């Protein structure tokens, strides 16, 4: 399965919270187009962030193991 990494060539450091390692993208000054793109991505984790670019990795959904049921012959 391939990992999707999204690169934003934009300085998002003003909206980066180091304590929680997250972006505050609900702030009114946050760039609108980036906010929409992040909403399209869904859950993500920050790979790297600098004054030149921000890299976000889309989180994978955990695989759900199929329950197997045995049918007893009676």
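In the working numbering, the protein residues as written are 298 to 371.
For every residue, glycine included, the Cβ atom is placed at its ideal position computed from N, Cα and C.
Bear in mind that the values here come from a model prediction, so they are computed numbers and not experimental data.
* To do: Kindly indicate the opening and closing residues of the alpha helix (DSSP H) around residue 342.
  => Run containing residue 342: none in the alpha helix (DSSP H); it sits in the beta strand (DSSP E), 341-346.
* Residues in its own chain within less than 8 Å of residue 307 by CB, not counting five upstream and five downstream? -> 328, 331, 350, 351
* For residue 331, name the three-state secondary structure that DSSP assigns. => helix
* Following the continuous beta strand (DSSP E) through residue 352, name the residue where it begins and the one where it ends. => 351-355
* Asked: Within this structure, are the beta carbons of residue 339 and residue 355 separated by less than 9 Å?
  -> yes
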